[in-house]
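Worksheet for the structure shown next.
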Amino acid sequence: MGRRERFDHAVVIGGSMAGLLAARVLGDHFRRVAILERDPVHDYPESRKGQPQTRHLHGLLAAGLQTMLAYFPDLREALAAAGSYTGDMGEGMNWYTHGGYRRRLHLGMDGATMSRPFLEHLVRQRVRALPNVSLRDNCAVRELLSTADRAQVTGVVVEQRATSEAAELRADLVVDCSGRASRAPQWLEALGYAAAPETVVQVNVGYASRLYRRDPADPRGAQWTLYTPEAPAETRFAGLFPIEGDRWIVSMGGWNGDYAPADEAGFLAYARSLPMPDIYQVISRAEPASEIVAHRYRASRRRHYERLDRFPDGLLVLGDALCSFNPTYGQGMTSAAMQAQALDRLLAEGRAGLDDLAPAFFRRAAKVVDIPWQLSVGEDFRFPGTVGEKPRGIDVINRYVARVHRATHHDEVVSRAFLRVMNLLAPPQSLFHPRIVWRVLRNQRSAVSRQPFAVSYQPPASG
Ligand SMILES: Cc1cc2nc3c(=O)[nH]c(=O)nc-3n(C[C@H](O)[C@H](O)[C@H](O)COP(=O)(O)OP(=O)(O)OC[C@H]3O[C@@H](n4cnc5c(N)ncnc54)[C@H](O)[C@@H]3O)c2cc1C
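Residues -17 to 445, numbered by my numbering, are exactly what the sequence shown covers, in order.
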């Protein structure tokens, strides 16, 4: 990925994960890239006001880590050096669902668990070290600038938050990475364009999360633990991930209003209610390292810019601003990384100039988004309370996928096929390969039981 720098100036709106990844790839094609971030940004890991989700459990799927490593080759080492989990997604898995633990195996692909602010901090450090990329914080983009005929976006109006002074910043390309509350639909309307059609799927998921101290000698810290429900009878999920700084992060939550409570007693009772004892076992004894924080996620939202006939040149939308997924499937950062990579490849091919970039990018980004969207929305429609456009045939598919889940308890081939799909390494259709279908249907044994965690841990005597 050498520098080609065919173009002059790019502006990225939003300095969170999608904005940083977009800036990293644009740095190879533009002489100068400016990231404009509304919040103050410090040189340490922190959850900023504009990204409240970062206080909750974040896993990086194998496809996401693989994509990020293409741009930040030392990222895995930096994560591991601080004590984040980086390892094989099959071997490190302690995942209970549909009445049993999924069969562990060597997948041959690593993923990562860490705090979301720490991952962003590592990525930001690396992006800021690029000589042609700058990050300006306390800068809120208020509107787009355009040519008189409004056919081309030519920059942004940016407000310096400390002084409320507004200034114009010219750019050959503006990339909106301002998250799910993106104002691009309103900005486009002001320029006389139609808003992109949206698909919205209401899931009403409520998270509650907390950090705990972790003994670095605890072998359970070499695994990531997940419980996902057998819908519709079960509506709760929970995750316990080892993260940097000898800590655990725990998030629990539920669909259709079955929210996890943020008070001490309610939080523990929720953990105790899960069919998998592992998470309660850890958090009922571990020392808390934070408050309990809550987050509500009402609806997945996909903006179909690829369906618009008219769109100005010089503007793209990427990351959660393009598509925000139900977070319980852990796909958002991977999708953003894959969209950034799609943009990189498009620019590297040299076929699209800046004036025909947008339609080509939105077509490719739609392909990136299609698969995680299909997976997450498909699962969400297992819950009768999910509201939205139901994909055709999804009930039949879901009945089969429920059997896939049960087969992952004992069948390594099925478990591998499932993990490859869930990590966005293979398309969902691969679960319908005759070899997999045969294995799923022939054998519906009940789960192979095993002990929680399958490792023992004696906490050090206190005092
Ligand atoms: C509870 C929860 C858990 C999640 N768990 C996972 C997970 O396990 N794995 C995973 O991959 N993903 C997960 N996600 C999704 C993930 O957090 C996002 O996909 C990812 O952070 C990418 O977001 P983004 O950069 O597009 O937007 P955001 O992170 O929302 O960032 C947008 C940025 O733009 C800035 N901004 C907004 N407006 C302006 C403006 N006008 N001018 C300048 N700046 C502006 C904001 O301050 C912010 O910094 C989760 C999400 C939630 C809600």
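The beta-carbon is built from N, C-alpha and C at its ideal position, and this holds for glycine as well.
Predicted model, so just to flag it, every value in this text is computed and none were measured.
- CA-CA distance, residue 389 to residue 313, rounds to 23 angstroms.
- In terms of side-chain proximity, the C-beta atom of residue -1 is found nearer than 7 angstroms to a non-hydrogen atom of ligand 1.
- Per DSSP, residue 277 is one residue of the beta strand (DSSP E) stretching across 275 to 285.
- Its chain contains -5, 18, 138, 140 as the residues whose beta carbon lies nearer than 6 angstroms to that of residue 123, once the 5 sequence neighbours on both sides are disregarded; these appear in chain order.
- When C-alpha distances from residue 128 are compared across 434, 364, 375, 293, the shortest belongs to 293.
- Per DSSP, reduced to three states, the secondary structure at residue 397 is helical.
- For the pair residue 121 and residue 142, the CB atoms are nearer than the 8 angstroms cut-off.
- Of the other Cβ atoms in all chains shown, 16 or more fall within 10 Å of the Cβ of residue 368; this residue is therefore buried.
- Check the Cα spacing between residue 181 and each of 304, 74, 117: the tightest is with 304.
- Counting C-beta atoms within 10 angstroms of its own C-beta, residue 420 has fewer than 16 neighbours from the protein chains shown and is therefore classed as exposed.
- The beta-carbon distance between residue 92 and residue 70, rounded to whole angstroms, is 6 angstroms. This is short enough to meet the 8 angstroms contact definition.
- Considered as a whole, the region 59 to 137 harbours 67 to 70, 75 to 79, 92 to 95, 115 to 118, 121 to 128 as its complete beta strand (DSSP E) runs of no fewer than 3 residues, in chain order.
- Rounded to the nearest angstrom, the Cβ distance from residue 356 to residue 441 is 43 angstroms, too far for a contact under 8 angstroms.
- Taken from the Cβ of residue 139, every heavy atom of ligand 1 lies 7 angstroms or farther away.
- Around the beta carbon of residue 27, a 10 Å sphere encloses 16 or more other beta carbons of the protein chains shown; the residue is thus reported as buried.
- Judged by DSSP secondary structure, residue 387 falls within the alpha helix (DSSP H) whose first and last residues are 376 to 389.
- The Cβ atoms of residue 340 and residue 298 sit closer than 8 angstroms to each other.
- As the crow flies, the alpha-carbon of residue 105 is around 46 angstroms from that of residue 424.
- Contact annotation, residue 399 with residue 376: C-beta distance approximately 20 angstroms; criterion of less than 8 angstroms not satisfied.
- The Cβ neighbour count for residue 188, taken over all protein chains shown within 10 Å, is at least 16; the residue is labelled buried.
- Under the three-pair Cβ rule at 8 angstroms, the region 97 to 114 does not count as touching the region 72 to 85.
- For residue 29, the shortest C-beta to heavy atom distance toward ligand 1 is 7 angstroms or greater.
- Per DSSP, the continuous alpha helix (DSSP H) segment holding residue 326 begins and ends at 314 to 331.
- Rounded to the nearest angstrom, the gap between the Cα atoms of residue 358 and residue 15 is 33 angstroms.
- With a contact defined as Cβ atoms closer than 8 angstroms, residue 228 and residue 435 miss out at about 18 angstroms.
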